[in-house]
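A.B. asks: Converting from the sequence shown to my numbering requires adding 150 to each position, the first position being numbered 1.
Note that beta-carbon positions come from the ideal geometry of N, C-alpha and C, so glycine has one too.
All of these numbers come straight from a predicted model, not from anything done at the bench.
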Amino acid sequence: MHIFDLPYQENSSIWFDKFASSHSPIFLDSCFQGNDYPNDYNRYDLICWDPFIEIIQKGSKTLIIKEGTSFLSDESFTETLDVIYSGLLDSYGNNSLMPFTGGLIGYLSYEFGQKITKDTYLPQARANAYKNTILVDHLEKETHFISFNEKKDAVATYDQCLNHQNEISDDFVITEPIVNTESFEEYKDKFNKIKQYITDGDVYQVNLAIKFFTKYSGDPWVFYKKFRDINKSPYMAYLKFEDYSIISGSPEQFISVNGQTITSRPIKGTMPRGDDPKSDSINYEKLNSSEKDKAENLMIVDLIRNDLGKNCDTGSVNVKNLFNIESYPNVHHLVSSIEGQLKQEISPWTAFCDAFPGGSITGAPKKRSIEIIDELESFSREVYCGSIFYLSFNRTINSNIAIRSLIASDGRLEYFSGGGITKSSSVKSEYNEIFNKAANIEKAISYFMSNQNE
151 MHIFDLPYQE
161 NSSIWFDKFA
171 SSHSPIFLDS
181 CFQGNDYPND
191 YNRYDLICWD
201 PFIEIIQKGS
211 KTLIIKEGTS
221 FLSDESFTET
231 LDVIYSGLLD
241 SYGNNSLMPF
251 TGGLIGYLSY
261 EFGQKITKDT
271 YLPQARANAY
281 KNTILVDHLE
291 KETHFISFNE
301 KKDAVATYDQ
311 CLNHQNEISD
321 DFVITEPIVN
331 TESFEEYKDK
341 FNKIKQYITD
351 GDVYQVNLAI
361 KFFTKYSGDP
371 WVFYKKFRDI
381 NKSPYMAYLK
391 FEDYSIISGS
401 PEQFISVNGQ
411 TITSRPIKGT
421 MPRGDDPKSD
431 SINYEKLNSS
441 EKDKAENLMI
451 VDLIRNDLGK
461 NCDTGSVNVK
471 NLFNIESYPN
481 VHHLVSSIEG
491 QLKQEISPWT
501 AFCDAFPGGS
511 ITGAPKKRSI
521 EIIDELESFS
531 REVYCGSIFY
541 LSFNRTINSN
551 IAIRSLIASD
561 GRLEYFSGGG
571 ITKSSSVKSE
581 YNEIFNKAAN
591 IEKAISYFMS
601 NQNE
């Protein structure tokens, strides 16, 4: 491993621009802005490119690509990644205090590991180990280039970081209006079925989503750059693969592990931002005093405490923060934080997989909620409500819940939005919340719609 210093850039997308046309580049983006104060959630950005190992789920098998040579394994994706990661640790394991020192970066789709009746068109899981990483630290105002190439090649790539200017296209156009795949009446029918399940005692809460899509031409990276300017969330991401790109505008952390400490920060409870300071303050206080939203949040906190408790020392799982409000450009969110101490024999990867999918986007109890979602939603969620993660060679993991996320593939841009339904939910307010959550996606889409008419 070779580490070089680079000049600090406040806007980390500048680094991705340089390598956007390389093989499978990714950008884990905190959306740090110059007037922000760096904290645990917006301090670091990662830009990686040119994988030397790729792990892709293919049905019941796992495709492994090493330096251009591919073969299929009969082992599951989870087992394959665990074996490959353990082998890489033998060569590259370290105790660096940096959050990422090389490792595996990828995603799990919502359907990963579940008995779901619908087909998915993307790989349900994918992870790459990269030759090249740029790590940006907004607190220390430092940028580091980390390379797993031979020193000669590492120096050449470092020179590219300093001097290479990629030809960046600004070509991106939305070519058709947004299609909402579900009318209010169709949503209402499903809403009422969930209410009946709650009345019957099957569940306390179910997360129900709607699918939207439009058509585009051009480079999805151009869309992402506008979206990040509008959305400004700390767990955004852009992942580019051969025939599709994943665009995530997530504000939500799923699982992080640092040392033996595991943390999850579920979001449950949403209120739109006001049009002016007065109305915004009113909406903030409405959320702060909403017993309905607090009850919804607490259900998920209890679920996640149980999920973490399976792999933590007895008595170590605690709620660190309950019902904090975090404000984003389009919504206020109610956020809680749960923390525990992993048992010594439990790896970060095992803890992550055992908690997946996140309780905030399924419901409670989780197993029955997943069954009801599968029954009522007419589509596969794909990456939406799955997780984008990194697993570092210093044995840390961090991940998001892939909400506010889009898939760009073959000229089609699709996204989803949803919310938790409880006993006290109102169908109109829940339906409106779906559009409030998707507002920043639609603003970005509208920007590229209006441009074509100029």
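Assuming Lys365 and Ser530 are in contact, meaning their beta carbons sit under 8 Å apart, how far apart are those beta carbons, in whole angstroms?
C.D. replies: Against the sequence shown, residue 365 aligns to sequence position 215. Against the sequence shown, residue 530 aligns to sequence position 380. That pair is no contact at about 20 Å.
A.B. asks: With distances taken Cα to Cα, identify the nearest neighbour of Ile397 among Tyr534, Gln494, Ile450 and Gln491.
C.D. replies: Start at 1 with the first residue of the sequence shown, and residue 397 comes out as number 247. Ranking the options by Cα distance to Ile397, first place goes to Tyr534.
A.B. asks: Please determine, among His483, Leu389 and Glu160, the residue with the shortest C-alpha to C-alpha distance to Arg276.
C.D. replies: As a working mapping, residue 276 is identified with position 126 in the sequence shown. Ranking His483, Leu389 and Glu160 by Cα distance to Arg276 puts Leu389 first.
A.B. asks: Can you give the Cα-Cα distance for Glu317 and Lys168, rounded to whole angstroms?
C.D. replies: Sequence index remark: in the sequence shown, residue 317 carries index 167 (1-based). Sequence index remark: in the sequence shown, residue 168 carries index 18 (1-based). Using only the alpha carbons, I get a separation of about 8 Å.
A.B. asks: What does a CB cutoff of less than 7 Å around Ile496 pick up in its chain, not counting 5 residues either side in sequence?
C.D. replies: Counting from one through the sequence shown, the residue named residue 496 turns up at place 346. Counting only Cβ-Cβ distances below 7 Å, and skipping sequence neighbours, we find Asn461.
A.B. asks: On the DSSP bridge list, what partners appear for Leu484?
C.D. replies: Your numbering for residue 484 matches position 334 in the sequence shown. Note: Leu484 sits in a beta bridge opposite Ile475.
A.B. asks: Across which residues does DSSP place Arg276 in a beta bridge pair?
C.D. replies: Residue numbering aside, residue 276 sits at position 126 when the sequence shown is read from its first letter. According to DSSP, Arg276 bridges with Ile206 and Tyr257.
A.B. asks: Starting from the N-terminal side, write out each stretch of the alpha helix (DSSP H) that is 4 residues or longer and does not extend beyond the stretch 165–249.
C.D. replies: Here the runs fully enclosed are 227–242.
A.B. asks: Count the other CB atoms, across all protein chains shown, that sit within 10 Å of the CB of Ile255; report buried if there are 16 or more and exposed otherwise.
C.D. replies: Here residue 255 refers to the residue found at position 105 when the sequence shown is read from its first residue. Burial call: buried.
A.B. asks: Cutting at 7 Å between CB atoms, please list the residues of its own chain near Lys516, excluding the five before and the five after it.
C.D. replies: Residue mapping note: residue 516 aligns to position 366 of the sequence shown, counting from 1. Answer for Lys516: Leu453 and Gly509, listed in chain order.
A.B. asks: If you run the structure through DSSP and keep just helix, strand and coil, what is Leu526?
C.D. replies: Within the sequence shown, the letter at position 376 stands for residue 526. DSSP places Leu526 in helix when its eight states are reduced to three.
A.B. asks: Under 8 Å: do the stretch 289–298 and the stretch 155–166 share three or more Cβ pairs, one atom per stretch?
C.D. replies: Contact holds: three or more Cβ-Cβ distances are below 8 Å.
A.B. asks: Name the residue from Lys587, Leu178 and Gln355 whose alpha carbon lies nearest to the alpha carbon of Tyr374.
C.D. replies: Here residue 374 refers to the residue found at position 224 when the sequence shown is read from its first residue. Nearest of Lys587, Leu178 and Gln355 to Tyr374, Cα basis: Leu178.
A.B. asks: State whether the stretch 349–357 contacts the stretch 306–325, with contact taken as three or more CB pairs (one from each stretch) at a distance under 8 Å.
C.D. replies: Because the criterion of three Cβ pairs below 8 Å is not met, the stretch 349–357 and the stretch 306–325 do not touch.
A.B. asks: Mind checking whether Gly490 and Ser466 have CB atoms under 7 Å apart?
C.D. replies: Here the question's residue 490 lines up with position 340 in the sequence shown. Here the question's residue 466 lines up with position 316 in the sequence shown. Result yes, Cβ atoms of Gly490 and Ser466 sit closer than 7 Å.
A.B. asks: If you reduce the DSSP assignment to three classes, tell me which class Gly92 lands in.
C.D. replies: The structure shown does not extend to residue 92, since the chain is modelled only from 151 through 604, so no value can be given for it.
A.B. asks: Count the CB pairs spanning the stretch 376–388 and the stretch 398–407 that are closer than 8 Å, and state whether there are at least three.
C.D. replies: Contact between the stretch 376–388 and the stretch 398–407 is present, because at least three Cβ pairs lie under 8 Å.
A.B. asks: Let me know the alpha helix (DSSP H) ranges lying completely inside the stretch 289–364, each 4 residues or longer, listed in chain order.
C.D. replies: With a minimum length of 4 residues, the continuous alpha helix (DSSP H) runs that stay inside the stretch 289–364 are 301–313 and 334–349.
A.B. asks: Put Cys535 into one of helix, strand or coil per three-state DSSP.
C.D. replies: Taking the first residue of the sequence shown as 1, we reach residue 535 at position 385. It is coil, neither helix nor strand.
A.B. asks: Rounded to the nearest angstrom, what separates Gly252 and Phe202 at their Cα positions?
C.D. replies: Numbered from its first residue, the sequence shown carries residue 252 at position 102. Numbered from its first residue, the sequence shown carries residue 202 at position 52. Rounded to the nearest angstrom, the two C-alpha atoms are 11 Å apart.
A.B. asks: Flag this pair as touching only if the stretch 402–413 and the stretch 427–439 have three or more C-beta atom pairs under 8 Å; answer yes or no.
C.D. replies: The stretch 402–413, when compared against the stretch 427–439, does not touch it at the 8 Å Cβ threshold.
A.B. asks: On a Cα-Cα basis, can you pick out the residue from Ile405, Thr420, Ile538 and Gly263 that is closest to Glu645?
C.D. replies: This structure cannot speak to residue 645, because the chain is shown only from 151 to 604.
A.B. asks: Distance, Cα to Cα, Glu604 vs Ser367?
C.D. replies: By one-based count along the sequence shown, residue 604 stands at place 454. By one-based count along the sequence shown, residue 367 stands at place 217. Note that Glu604 has pLDDT 49, beneath the 50 cutoff, so the model's placement of it is unreliable and the number below is only indicative. Near 17 Å, if we compare the C-alpha coordinates of Ser367 and Glu604.
A.B. asks: Taking 7 Å as the limit between beta carbons, can you name the residues of its chain near Ile520, skipping five residues before and five after?
C.D. replies: Start at 1 with the first residue of the sequence shown, and residue 520 comes out as number 370. Closer than 7 Å at the Cβ level, and outside the excluded window around Ile520, lie Gln264 and Thr512.
A.B. asks: List the residues that DSSP assigns as beta-bridge partners of Lys390.
C.D. replies: Within the sequence shown, the letter at position 240 stands for residue 390. Answer by DSSP bridge pairing, in chain order: Ser395.
A.B. asks: Going by DSSP in three states, Lys444 sits in which element: helix, strand or coil?
C.D. replies: As a working note, residue 444 is residue 294 in the sequence shown. Residue state, collapsed to three classes: helix.
A.B. asks: Contact defined as beta carbons within less than 8 Å: I believe Tyr540 pairs with Phe250. What is the distance between those atoms, to the nearest angstrom?
C.D. replies: As a first step, residue 540 must be located in the sequence shown, where it is residue number 390. As a first step, residue 250 must be located in the sequence shown, where it is residue number 100. That belief holds up - the Cβ atoms of Tyr540 and Phe250 are roughly 6 Å apart, short of 8 Å.
A.B. asks: Since Leu437 is in the beta strand (DSSP E), which residue starts that stretch and which ends it?
C.D. replies: As a first step, residue 437 must be located in the sequence shown, where it is residue number 287. Element bounds for Leu437: not the beta strand (DSSP E) but the alpha helix (DSSP H), Pro427 to Asn438.
A.B. asks: Once DSSP output is grouped into helix, strand and coil, what is the label at Ser510?
C.D. replies: One-based indexing of the sequence shown puts residue 510 at position 360. Helix at Ser510.
A.B. asks: Do you know whose CA, among Ile206, Tyr242, Asp240 and Leu239, lies nearest Glu225's CA?
C.D. replies: The sequence position of residue 225 within the sequence shown is 75, counting from 1. It is Ile206.
A.B. asks: Here's the rule: buried if 16 or more other CB atoms are within 10 angstroms of the residue's CB, otherwise exposed. What is Asn590?
C.D. replies: Counted from its first residue, the sequence shown places residue 590 at position 440. It is buried - the Cβ of Asn590 has at least 16 other Cβ atoms within 10 Å.
A.B. asks: CB-CB under 7 Å to Asp369, same chain, minus the five flanking residues each way: which ones, in chain order?
C.D. replies: Translated into positions along the sequence shown, residue 369 becomes position 219. Correct list, in chain order: Ser319, Asp321 and Phe322.
A.B. asks: Could you pull out every residue in the same chain whose Cβ sits closer than 6 Å to the Cβ of Ser559, ignoring the five residues on either side in sequence?
C.D. replies: On the sequence shown, position 409 is the one that residue 559 refers to. Closer than 6 Å at Cβ, skipping near neighbours: Tyr394.
A.B. asks: Can you grab the Cα-Cα spacing for the pair Lys361 / Thr307, in whole Å?
C.D. replies: Here residue 361 is taken as the residue at index 211 of the sequence shown, counted from 1. Here residue 307 is taken as the residue at index 157 of the sequence shown, counted from 1. C-alpha separation (whole angstroms): 41 Å.
A.B. asks: For Asp504, does the count of other Cβ atoms within 10 angstroms reach 16, so buried, or fall short, so exposed?
C.D. replies: Here residue 504 refers to the residue found at position 354 when the sequence shown is read from its first residue. Exposed, since its Cβ has fewer than 16 Cβ neighbours within 10 Å.
A.B. asks: Can you look up Met421 in the DSSP assignment and give me helix, strand or coil?
C.D. replies: The residue given as residue 421 occupies position 271 in the sequence shown. Met421: strand per DSSP, three-state reduction.
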